[in-house]
Amino acid sequence: MSSVIVVGGGAAGMMAAVAAGRRGHRVTLLEKNEKLGKKIYITGKGRCNFTNACDVEQLFGAVVSNPKFLYSAIYGFDNSMTMEFFREMGMPWKVERGNRVFPVSDHSSDVTKALERAMDQAGVKVLLQTEVKDIRTHGEQVVGVEVKRRGPGGERHREHTEVLPADAVIVATGGISYPTTGSTGDGYGWAKRLGHGLVDTRPALVPMVALEDYIPAMQGLSLRNVTLRIRDQRGQRTLPGIRGDALYALWGQRSAGAYRQQSGGKKAGGGGNSRGEHRPEACTGGKAAPGTAASGIFQGAEPAFRKCAAGGIAGENGTGGGGAFPHPRASAGQGDYQGAAE
308 MSSVIVVGGG AAGMMAAVAA GRRGHRVTLL EKNEKLGKKI YITGKGRCNF
358 TNACDVEQLF GAVVSNPKFL YSAIYGFDNS MTMEFFREMG MPWKVERGNR
408 VFPVSDHSSD VTKALERAMD QAGVKVLLQT EVKDIRTHGE QVVGVEVKRR
458 GPGGERHREH TEVLPADAVI VATGGISYPT TGSTGDGYGW AKRLGHGLVD
508 TRPALVPMVA LEDYIPAMQG LSLRNVTLRI RDQRGQRTLP GIRGDALYAL
558 WGQRSAGAYR QQSGGKKAGG GGNSRGEHRP EACTGGKAAP GTAASGIFQG
608 AEPAFRKCAA GGIAGENGTG GGGAFPHPRA SAGQGDYQGA AE
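Heads up, the sequence shown is in our numbering, so the first residue is 308 and it goes up one at a time.
Structure follows, in C-alpha coordinates:
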(Lines of atoms letter the chains of each structure in order from A and count residues from 1; the text may use other names and numbers.)
(Lines give C-alpha, C1' and ligand atoms only; values in the text may rest on other atoms or scores of the structure.)
Protein backbone atom coordinates (compact mmCIF):
# COMPACT_ATOMS: atom_id res chain seq x y z
CA MET A 1 0.00 0.00 0.00
CA SER A 2 1.41 3.37 -1.06
CA SER A 3 0.62 6.85 0.18
CA VAL A 4 -0.73 9.01 -2.63
CA ILE A 5 -1.34 12.77 -2.59
CA VAL A 6 -3.67 14.27 -5.18
CA VAL A 7 -3.23 18.01 -5.74
CA GLY A 8 -6.47 19.64 -6.90
CA GLY A 9 -10.08 18.99 -5.95
CA GLY A 10 -11.72 19.42 -9.31
CA ALA A 11 -13.37 16.69 -11.38
CA ALA A 12 -10.04 15.18 -12.50
CA GLY A 13 -8.52 15.27 -9.03
CA MET A 14 -11.54 13.68 -7.37
CA MET A 15 -11.76 10.92 -9.98
CA ALA A 16 -8.01 10.25 -9.62
CA ALA A 17 -8.41 10.04 -5.85
CA VAL A 18 -11.28 7.58 -6.21
CA ALA A 19 -9.28 5.40 -8.61
CA ALA A 20 -6.25 5.32 -6.32
CA GLY A 21 -8.37 4.68 -3.23
CA ARG A 22 -10.19 1.80 -4.87
CA ARG A 23 -6.82 0.19 -5.59
CA GLY A 24 -6.01 0.12 -1.91
CA HIS A 25 -3.71 3.14 -1.61
CA ARG A 26 -3.81 5.65 1.24
CA VAL A 27 -5.02 8.77 -0.54
CA THR A 28 -5.07 12.39 0.58
CA LEU A 29 -6.62 15.03 -1.69
CA LEU A 30 -5.48 18.64 -1.25
CA GLU A 31 -7.63 21.59 -2.38
CA LYS A 32 -6.69 25.23 -1.83
CA ASN A 33 -10.28 26.50 -2.11
CA GLU A 34 -12.89 26.35 0.63
CA LYS A 35 -14.86 23.68 -1.25
CA LEU A 36 -14.37 20.96 -3.84
CA GLY A 37 -15.36 21.21 -7.48
CA LYS A 38 -15.54 24.98 -7.66
CA LYS A 39 -15.54 24.98 -11.47
CA ILE A 40 -18.09 22.17 -11.61
CA TYR A 41 -20.67 24.49 -10.08
CA ILE A 42 -20.56 26.86 -13.06
CA THR A 43 -20.35 24.18 -15.76
CA GLY A 44 -23.26 23.91 -18.20
CA LYS A 45 -24.94 27.07 -16.92
CA GLY A 46 -25.02 25.57 -13.45
CA ARG A 47 -26.42 22.23 -14.63
CA CYS A 48 -23.13 20.46 -15.51
CA ASN A 49 -23.32 18.34 -18.65
CA PHE A 50 -20.68 15.95 -17.33
CA THR A 51 -20.30 13.84 -20.48
CA ASN A 52 -21.79 13.18 -23.91
CA ALA A 53 -23.72 10.06 -24.93
CA CYS A 54 -22.38 9.98 -28.50
CA ASP A 55 -20.21 7.24 -29.98
CA VAL A 56 -16.64 7.30 -28.71
CA GLU A 57 -15.29 8.04 -32.18
CA GLN A 58 -17.34 11.23 -32.24
CA LEU A 59 -15.64 12.35 -29.03
CA PHE A 60 -12.26 12.17 -30.73
CA GLY A 61 -13.61 14.13 -33.67
CA ALA A 62 -14.41 17.04 -31.36
CA VAL A 63 -10.81 17.36 -30.13
CA VAL A 64 -9.14 20.44 -31.63
CA SER A 65 -5.72 18.81 -32.10
CA ASN A 66 -3.95 15.47 -31.51
CA PRO A 67 -6.92 13.30 -30.47
CA LYS A 68 -4.60 10.26 -30.32
CA PHE A 69 -3.25 11.70 -27.08
CA LEU A 70 -6.59 10.81 -25.45
CA TYR A 71 -6.98 7.29 -26.82
CA SER A 72 -5.70 5.41 -23.76
CA ALA A 73 -7.63 7.61 -21.32
CA ILE A 74 -10.95 7.48 -23.19
CA TYR A 75 -10.82 3.78 -24.07
CA GLY A 76 -9.81 3.02 -20.48
CA PHE A 77 -12.78 4.89 -19.03
CA ASP A 78 -15.20 6.00 -21.75
CA ASN A 79 -18.43 8.00 -21.61
CA SER A 80 -20.63 4.96 -20.98
CA MET A 81 -18.48 4.00 -17.99
CA THR A 82 -18.69 7.59 -16.76
CA MET A 83 -22.49 7.51 -16.87
CA GLU A 84 -22.56 4.17 -15.05
CA PHE A 85 -20.18 5.52 -12.40
CA PHE A 86 -22.52 8.38 -11.54
CA ARG A 87 -25.55 6.10 -11.57
CA GLU A 88 -23.81 3.83 -9.05
CA MET A 89 -23.07 6.88 -6.91
CA GLY A 90 -26.79 7.63 -6.68
CA MET A 91 -26.99 10.39 -9.27
CA PRO A 92 -29.59 9.73 -12.00
CA TRP A 93 -28.94 11.48 -15.27
CA LYS A 94 -30.73 12.33 -18.50
CA VAL A 95 -29.69 12.81 -22.12
CA GLU A 96 -30.72 16.03 -23.84
CA ARG A 97 -30.31 17.56 -27.28
CA GLY A 98 -26.86 17.04 -28.72
CA ASN A 99 -26.42 13.91 -26.57
CA ARG A 100 -25.46 16.09 -23.61
CA VAL A 101 -25.79 14.26 -20.29
CA PHE A 102 -27.08 16.22 -17.27
CA PRO A 103 -28.11 15.31 -13.72
CA VAL A 104 -31.87 14.76 -13.59
CA SER A 105 -32.01 17.45 -10.91
CA ASP A 106 -30.39 20.02 -13.23
CA HIS A 107 -28.08 20.92 -10.34
CA SER A 108 -24.32 20.77 -10.91
CA SER A 109 -23.86 20.38 -7.17
CA ASP A 110 -25.17 16.81 -7.50
CA VAL A 111 -22.13 15.92 -9.61
CA THR A 112 -19.80 17.16 -6.89
CA LYS A 113 -21.80 15.34 -4.21
CA ALA A 114 -21.58 12.08 -6.17
CA LEU A 115 -17.81 12.45 -6.45
CA GLU A 116 -17.57 13.21 -2.74
CA ARG A 117 -19.56 10.05 -1.94
CA ALA A 118 -17.23 8.02 -4.14
CA MET A 119 -14.18 9.42 -2.37
CA ASP A 120 -15.69 8.71 1.03
CA GLN A 121 -16.36 5.09 0.03
CA ALA A 122 -12.78 4.78 -1.26
CA GLY A 123 -11.37 6.07 2.03
CA VAL A 124 -9.95 9.30 0.61
CA LYS A 125 -8.92 11.97 3.12
CA VAL A 126 -9.75 15.52 1.97
CA LEU A 127 -7.93 18.65 3.18
CA LEU A 128 -9.50 21.95 2.10
CA GLN A 129 -7.83 25.38 2.19
CA THR A 130 -4.52 23.61 1.79
CA GLU A 131 -2.33 25.18 -0.89
CA VAL A 132 0.58 23.23 -2.32
CA LYS A 133 3.63 25.46 -2.69
CA ASP A 134 6.09 22.92 -4.04
CA ILE A 135 6.65 19.24 -4.78
CA ARG A 136 9.54 17.78 -2.78
CA THR A 137 11.93 15.31 -4.38
CA HIS A 138 14.95 13.25 -3.35
CA GLY A 139 17.07 12.53 -6.36
CA GLU A 140 14.59 11.52 -9.03
CA GLN A 141 11.97 10.32 -6.55
CA VAL A 142 9.00 12.40 -5.40
CA VAL A 143 8.83 12.26 -1.60
CA GLY A 144 6.03 14.68 -0.72
CA VAL A 145 4.63 18.19 -1.01
CA GLU A 146 5.15 21.45 0.83
CA VAL A 147 1.82 23.00 1.76
CA LYS A 148 0.45 26.14 3.33
CA ARG A 149 -2.62 25.46 5.45
CA ARG A 150 -5.08 27.98 6.84
CA GLY A 151 -6.63 27.76 10.27
CA PRO A 152 -10.25 26.76 10.96
CA GLY A 153 -12.64 28.97 9.00
CA GLY A 154 -9.85 30.00 6.63
CA GLU A 155 -8.15 32.46 9.00
CA ARG A 156 -5.02 33.66 7.23
CA HIS A 157 -3.40 34.81 10.48
CA ARG A 158 -3.25 31.15 11.51
CA GLU A 159 -1.55 29.91 8.35
CA HIS A 160 1.30 27.50 8.73
CA THR A 161 3.61 25.60 6.39
CA GLU A 162 4.38 21.90 6.59
CA VAL A 163 5.62 19.02 4.45
CA LEU A 164 3.31 16.07 3.78
CA PRO A 165 5.19 12.89 2.81
CA ALA A 166 3.99 10.74 -0.09
CA ASP A 167 5.16 7.87 -2.25
CA ALA A 168 3.40 9.37 -5.27
CA VAL A 169 1.87 12.73 -6.19
CA ILE A 170 -0.88 13.23 -8.77
CA VAL A 171 -1.06 16.79 -10.10
CA ALA A 172 -4.61 17.73 -11.12
CA THR A 173 -4.47 21.50 -10.78
CA GLY A 174 -6.08 22.32 -14.11
CA GLY A 175 -4.83 25.03 -16.43
CA ILE A 176 -4.68 28.79 -16.04
CA SER A 177 -8.05 29.58 -17.59
CA TYR A 178 -10.10 30.75 -14.61
CA PRO A 179 -7.92 32.00 -11.71
CA THR A 180 -10.86 32.95 -9.48
CA THR A 181 -11.84 29.27 -9.33
CA GLY A 182 -8.31 28.22 -8.41
CA SER A 183 -6.93 27.51 -11.90
CA THR A 184 -3.78 29.61 -11.55
CA GLY A 185 -1.37 27.44 -13.53
CA ASP A 186 0.58 26.10 -10.54
CA GLY A 187 1.08 22.71 -12.15
CA TYR A 188 2.95 24.16 -15.14
CA GLY A 189 5.82 25.39 -12.99
CA TRP A 190 6.09 22.11 -11.08
CA ALA A 191 6.01 20.07 -14.29
CA LYS A 192 8.76 22.16 -15.87
CA ARG A 193 10.97 22.01 -12.77
CA LEU A 194 10.59 18.23 -12.64
CA GLY A 195 11.77 17.89 -16.22
CA HIS A 196 8.54 17.59 -18.15
CA GLY A 197 8.28 19.23 -21.54
CA LEU A 198 5.83 22.09 -22.06
CA VAL A 199 3.94 23.11 -25.16
CA ASP A 200 2.22 26.40 -25.83
CA THR A 201 -1.37 26.49 -24.71
CA ARG A 202 -4.25 27.79 -26.78
CA PRO A 203 -7.32 29.43 -25.29
CA ALA A 204 -10.35 27.18 -25.38
CA LEU A 205 -12.95 29.43 -23.77
CA VAL A 206 -12.38 33.16 -23.97
CA PRO A 207 -14.80 36.07 -24.47
CA MET A 208 -15.51 37.45 -27.92
CA VAL A 209 -16.83 40.99 -27.75
CA ALA A 210 -18.81 42.63 -30.57
CA LEU A 211 -17.92 46.31 -31.05
CA GLU A 212 -21.03 47.56 -32.89
CA ASP A 213 -23.30 50.11 -31.19
CA TYR A 214 -26.52 48.16 -31.80
CA ILE A 215 -25.49 45.11 -29.76
CA PRO A 216 -26.81 46.45 -26.39
CA ALA A 217 -30.29 46.67 -27.91
CA MET A 218 -30.19 42.91 -28.44
CA GLN A 219 -29.42 42.09 -24.81
CA GLY A 220 -31.40 39.06 -23.69
CA LEU A 221 -32.06 37.78 -27.22
CA SER A 222 -31.85 34.00 -26.96
CA LEU A 223 -31.40 31.81 -30.04
CA ARG A 224 -31.74 28.06 -30.26
CA ASN A 225 -29.76 25.71 -32.52
CA VAL A 226 -27.84 28.40 -34.35
CA THR A 227 -24.46 28.01 -36.02
CA LEU A 228 -21.59 30.34 -35.20
CA ARG A 229 -18.80 30.86 -37.72
CA ILE A 230 -15.83 33.21 -37.85
CA ARG A 231 -14.60 34.84 -41.04
CA ASP A 232 -11.38 36.77 -41.51
CA GLN A 233 -11.06 40.36 -42.72
CA ARG A 234 -11.41 39.31 -46.35
CA GLY A 235 -14.64 37.43 -45.64
CA GLN A 236 -13.01 34.06 -46.23
CA ARG A 237 -14.29 31.40 -43.85
CA THR A 238 -11.39 30.14 -41.74
CA LEU A 239 -13.07 28.18 -38.96
CA PRO A 240 -15.71 25.45 -39.04
CA GLY A 241 -19.08 26.31 -37.59
CA ILE A 242 -20.39 25.06 -34.28
CA ARG A 243 -24.04 24.58 -33.43
CA GLY A 244 -25.72 25.39 -30.16
CA ASP A 245 -27.70 27.99 -28.27
CA ALA A 246 -26.67 31.64 -28.27
CA LEU A 247 -27.42 34.60 -26.06
CA TYR A 248 -26.72 38.27 -26.71
CA ALA A 249 -25.44 39.67 -23.43
CA LEU A 250 -23.73 42.74 -22.07
CA TRP A 251 -20.17 42.44 -20.78
CA GLY A 252 -19.91 40.18 -17.77
CA GLN A 253 -22.33 37.60 -19.16
CA ARG A 254 -21.32 34.85 -21.51
CA SER A 255 -22.36 33.07 -24.67
CA ALA A 256 -21.29 29.43 -24.65
CA GLY A 257 -21.13 29.33 -28.44
CA ALA A 258 -18.83 32.33 -28.68
CA TYR A 259 -16.56 31.00 -25.96
CA ARG A 260 -16.33 27.52 -27.47
CA GLN A 261 -15.69 28.78 -30.99
CA GLN A 262 -12.62 30.64 -29.82
CA SER A 263 -10.78 27.37 -29.18
CA GLY A 264 -9.63 27.62 -32.79
CA GLY A 265 -8.78 31.30 -32.62
CA LYS A 266 -5.11 30.74 -33.28
CA LYS A 267 -5.90 29.04 -36.57
CA ALA A 268 -7.85 32.12 -37.64
CA GLY A 269 -4.80 34.31 -37.26
CA GLY A 270 -3.36 36.60 -34.65
CA GLY A 271 -1.60 33.82 -32.74
CA GLY A 272 -4.67 32.91 -30.75
CA ASN A 273 -4.67 36.20 -28.90
CA SER A 274 -4.99 39.96 -29.38
CA ARG A 275 -7.60 42.24 -30.82
CA GLY A 276 -8.74 41.28 -34.26
CA GLU A 277 -11.16 42.13 -37.02
CA HIS A 278 -12.70 38.64 -37.20
CA ARG A 279 -16.37 38.69 -38.07
CA PRO A 280 -18.56 36.33 -36.05
CA GLU A 281 -21.69 35.33 -37.90
CA ALA A 282 -24.69 33.60 -36.34
CA CYS A 283 -26.94 31.80 -38.79
CA THR A 284 -29.00 28.65 -39.11
CA GLY A 285 -26.77 27.08 -41.69
CA GLY A 286 -29.49 27.29 -44.35
CA LYS A 287 -32.18 25.46 -42.41
CA ALA A 288 -33.31 24.65 -38.93
CA ALA A 289 -31.48 21.97 -37.03
CA PRO A 290 -33.09 18.53 -37.06
CA GLY A 291 -36.00 18.38 -34.66
CA THR A 292 -36.33 22.15 -34.38
CA ALA A 293 -39.03 24.19 -36.06
CA ALA A 294 -37.71 27.28 -37.81
CA SER A 295 -40.15 29.42 -35.88
CA GLY A 296 -38.60 28.19 -32.63
CA ILE A 297 -35.06 29.20 -33.50
CA PHE A 298 -35.70 32.89 -33.00
CA GLN A 299 -38.01 32.53 -30.03
CA GLY A 300 -38.55 35.97 -28.51
CA ALA A 301 -36.41 37.63 -31.18
CA GLU A 302 -38.99 39.86 -32.89
CA PRO A 303 -38.77 42.82 -30.48
CA ALA A 304 -34.99 42.84 -30.73
CA PHE A 305 -35.13 42.61 -34.52
CA ARG A 306 -37.36 45.66 -34.65
CA LYS A 307 -34.88 47.61 -32.55
CA CYS A 308 -32.00 46.53 -34.74
CA ALA A 309 -33.60 46.80 -38.17
CA ALA A 310 -31.20 49.58 -39.07
CA GLY A 311 -28.34 47.23 -38.36
CA GLY A 312 -29.26 45.01 -41.27
CA ILE A 313 -30.51 41.91 -39.48
CA ALA A 314 -32.44 39.80 -41.94
CA GLY A 315 -34.12 36.46 -41.96
CA GLU A 316 -36.11 34.64 -44.58
CA ASN A 317 -39.79 35.47 -43.92
CA GLY A 318 -38.81 36.47 -40.39
CA THR A 319 -38.02 32.89 -39.41
CA GLY A 320 -34.27 32.99 -39.79
CA GLY A 321 -34.26 30.05 -42.18
CA GLY A 322 -30.93 30.71 -43.83
CA GLY A 323 -30.82 34.34 -42.72
CA ALA A 324 -27.70 35.71 -41.08
CA PHE A 325 -26.89 38.36 -38.54
CA PRO A 326 -24.70 41.35 -39.34
CA HIS A 327 -20.99 40.78 -39.21
CA PRO A 328 -19.84 42.72 -36.17
CA ARG A 329 -16.18 43.33 -35.62
CA ALA A 330 -14.96 41.34 -32.65
CA SER A 331 -12.21 41.60 -30.11
CA ALA A 332 -10.99 38.20 -28.96
CA GLY A 333 -9.21 38.33 -25.64
CA GLN A 334 -6.82 35.85 -24.07
CA GLY A 335 -5.28 35.44 -20.65
CA ASP A 336 -1.60 34.93 -19.92
CA TYR A 337 -1.23 31.31 -21.00
CA GLN A 338 2.17 29.85 -20.07
CA GLY A 339 2.18 26.31 -21.42
CA ALA A 340 0.90 22.80 -20.85
CA ALA A 341 2.66 19.58 -19.94
CA GLU A 342 3.15 17.17 -22.81
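Glycine included, C-beta positions come from ideal geometry on N, C-alpha and C.
For the pair Val-439 and Val-418, the CB atoms are not nearer than the 8 angstroms cut-off. Taking Leu-528 as reference, the option from Met-308, Leu-554 and Glu-395 with the minimal CA-CA separation is Leu-554. Inter-residue distance for Asn-406 and His-467 is about 47 angstroms (C-alpha atoms, whole angstroms). For Arg-500, the enclosing alpha helix (DSSP H) covers residues 493-500.
His-445 has its alpha-carbon roughly 44 angstroms from the corresponding atom of Ala-360. Contact check for Ser-490 against Gly-502 fails: the beta carbons are separated by 8 angstroms or more.
Per DSSP, the unbroken beta strand (DSSP E) holding Thr-444 starts and ends at 437-445. Straight across, the Cα-Cα distance linking Val-314 with Gly-368 is about 30 angstroms. Residue environment for Phe-376: exposed (fewer than 16 other C-beta atoms within 10 angstroms of its C-beta). Across the set Arg-500, Thr-487 and Thr-534, the C-alpha of Thr-487 shows the shortest separation from the C-alpha of Lys-346. A distance below 6 angstroms between beta-carbons, with the five flanking residues on each side excluded, links Asp-493 to the following residues of its chain, in chain order: Thr-480.
Using a 10 angstroms sphere on the CB of Phe-384, the tally of other CB atoms stays under 16, which defines it as exposed. In the DSSP assignment, His-414 forms no beta bridge with any residue. Assignment of beta-bridge partners to Asn-359 by DSSP yields Arg-407. No Cβ-Cβ contact shorter than 8 angstroms links Phe-393 with Lys-401. If you draw a 10 Å sphere on the C-beta of Asn-373, you find fewer than 16 other C-beta atoms in it, and that means exposed.
When rounded, the separation of the alpha-carbon atoms in Asp-441 and Arg-456 is 13 angstroms. Across the set Met-426, Gly-430, Asp-474 and Glu-469, the C-alpha of Asp-474 shows the shortest separation from the C-alpha of Val-449.
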